[in-house]
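Peer 1:
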Ligand code: OSB
Ligand code: MG
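Numbering (this note's numbering), first residue to last: 3 to 377.
1) Can you tell me which of the three DSSP states residue 96 falls into?
2) Where does residue 226 fall in DSSP's three states?
3) Can at least three beta-carbon pairs, one atom from the stretch 83–92 and one from the stretch 23–36, be found at a separation below 8 Å?
4) By how many angstroms is the C-alpha of residue 142 removed from the C-alpha of residue 159?
5) Out of 219, 46 and 74, which has the shortest C-alpha to C-alpha gap to residue 262?
6) Check residue 158 in the structure and name its three-state DSSP category.
7) Measuring only the C-alpha atoms, how far is residue 32 from residue 123?
8) Is it true that the CB of residue 241 sits closer than 8 Å to the CB of residue 292?
9) Going by C-alpha distance, which of 21, 39 and 19 is nearest residue 6?
10) Just the C-alpha distance for residue 175 and residue 183, rounded to the nearest angstrom, thanks.
11) How about residue 322: is its Cβ closer than 7 Å to a heavy atom in ligand 1?
12) Taking contact to mean at least 3 C-beta pairs separated by less than 8 Å, is the stretch 91–109 in contact with the stretch 60–69?
13) Skipping 5 residues on each side, what residues in its chain have a beta carbon closer than 6 Å to that of residue 319?
14) How about residue 23: is its Cβ closer than 7 Å to a heavy atom in ligand 1?
15) For residue 50, collect the residues of the same chain with a Cβ closer than 7 Å to its Cβ; drop the 5 residues on either side in sequence, then sort them by chain order.
16) Rounded to the nearest angstrom, what separates residue 229 and residue 211 at their Cα positions?
17) Check whether the Cβ atoms of residue 306 and residue 133 lie closer than 8 Å to each other.
18) Sort out for me which residues DSSP pairs residue 195 with in a bridge.
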């Protein structure tokens with residue numbers, strides 16, 4: 003399939019409520035949407051970079067630059083056979099995984115459509131057990147102004163059918179919050195995400211939460227660190243999960259080699275896309291790690307991609323794949339995964355991502371659009 007045209011959109015949507023993490027509070031969600039066009043088909047990708055370099059060094063502005071000036075010129079006019087091809091075109095660009103993941107996702111979507119497969123089916127082709135039909139999901143709850151409010155939000159989401167609760171923590175809003183949540187919801191699967199807000203010297207804080215039967219603690223230490231996590235892990239009973247530190251399959255290999263974590267949050271955007279995410283899945287599965295699919299407040303486009311990845315056989319734990327209605331009043335894609343039952347969502351079965359993009363809504367929220375075409 004010759005890539006005839008690529009469209010790039012900068013979109014901006016208000017969040018239904020602010021999303022607070024240890025690195026800041028987000029009120030508005032800007033991101034980039036990218037389409038690949040070939041043979042009458044359109045592949046969709048989402049670049050989840052944000053306005054601020056808080057979670058990642060990438061922002062919507064750096065991603066626009068890298069896509070417009072490097073990644074799109076490298077992809078335009080190429081003959082796309084399989085989605086694994088795009089990593090080679092993008093190789094001259096170091097870093098910038100969030101920008102790369104948008105091209106990678108669109109390539110997976112368009113080739114799955116060409117093959118008459120859902121993205122989940124295409125991703126699961128190497129595995130005899132195939133893709134799961136339903137996947138376990140949970141909610142990620144941002145830091146609220148008060149602990150009481152967090153408890154109310156937890157209750158609301160448990161009522162909606164979400165069974166796994168992830169709470170964002172930061173220094174000063176950790177042990178007391180986790181203890182209150184455990185007390186209020188004794189049997190609930192609760193986990194914490196620190197987004198790199200602590201150092202190894204804070205081990206006593208995590209030891210103080212060891213009796214709370216938490217599912218895991220996600221990324222307590224540095225966003226580039228693997229070694230200190232390997233030092234913290236034997237000091238605590240709570241399972242340790244890495245997010246920010248794992249940028250590639252190589253990083254997963256390093257983490258496994260020094261036993262830095264028992265669990266990996268596979269976030270396709272963070273690792274340059276679905277091809278690399280599947281490699282991490284394979285390494286993690288082989289090593290007996292717990293695996294789950296992380297999120298970045300995606301629109302329905304990104305959420306559909308997460309669901310397809312979560313359908314892989316080695317993904318053992320619930321992912322951060324809640325309905326986009328938690329974040330957006332009016333999403334740009336059909337909110338097909340609103341039906342959460344038993345904390346599970348049905349994986350889309352239509353061709354490719356299996357989601358209908360609402361082009362009118364997309365236009366409404368687009369701040370800037372550029373079209374790149376071959377002659
Ligand atoms: O660390 O997993 C994270 C959102 C933005 C940046 C980082 C993270 C998150 C989430 C949100 O936890 C998960 C979701 O998409 O619902
Ligand atoms: Mg995280």
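The C-beta atom is built at its ideal place from N, Cα and C for all residues, glycine as well.
Peer 2: On the basis of the supplied data:
1) For the purposes of this step, residue 96 is taken as residue 94 along the chain shown, with counting starting at 1. Looking at residue 96 - three-state DSSP - the assignment turns out to be coil, as it is neither helix nor strand.
2) Your numbering for residue 226 matches position 224 in the chain shown. Residue 226 falls in the coil class under three-state DSSP.
3) no
4) Within the chain shown, numbered from 1, the residue matching residue 159 stands at position 157. Within the chain shown, numbered from 1, the residue matching residue 142 stands at position 140. Distance between the alpha carbons of residue 159 and residue 142: 10 Å.
5) In the chain shown, residue 262 corresponds to position 260, counting from 1. Nearest C-alpha to residue 262: 219.
6) Along the chain shown, one-based indexing puts residue 158 at 156. Note: residue 158 maps to helix in three-state DSSP.
7) Mapped onto the chain shown, residue 32 falls at position 30. Mapped onto the chain shown, residue 123 falls at position 121. So the alpha carbons of these two residues sit roughly 30 Å apart.
8) Numbered from its first residue, the chain shown carries residue 292 at position 290. Numbered from its first residue, the chain shown carries residue 241 at position 239. Going by C-beta atoms, residue 292 is nearer than 8 Å to residue 241.
9) Here residue 6 refers to the residue found at position 4 of the chain shown. Nearest C-alpha to residue 6: 39.
10) Mapped onto the chain shown, residue 175 falls at position 173. Mapped onto the chain shown, residue 183 falls at position 181. In a straight line, the C-alpha of residue 175 is about 12 Å away from that of residue 183.
11) Within the chain shown, the letter at position 320 stands for residue 322. Within the cutoff, so yes.
12) yes
13) Locating residue 319 in the chain shown gives position 317, where the first residue counts as 1. Result list for residue 319: 292 and 294, in chain order.
14) The count along the chain shown starts at 1 and reaches residue 23 at position 21. Yes - ligand 1 has a heavy atom lying nearer than 7 Å to the Cβ of residue 23.
15) Position 48 of the chain shown, counted from the start, is the residue given in the question as residue 50. Hits under 7 Å: 33, 100, 271, 298, 300 and 304.
16) Mapped onto the chain shown, residue 229 falls at position 227. Mapped onto the chain shown, residue 211 falls at position 209. Computed Cα separation, rounded: 22 Å.
17) Indexing the chain shown from 1 puts residue 306 at position 304. Indexing the chain shown from 1 puts residue 133 at position 131. Not closer than 8 Å, so no.
18) As a first step, residue 195 is located in the chain shown; it is residue number 193 there, counting from the start. Residue 195 is bridged to 170 and 220.
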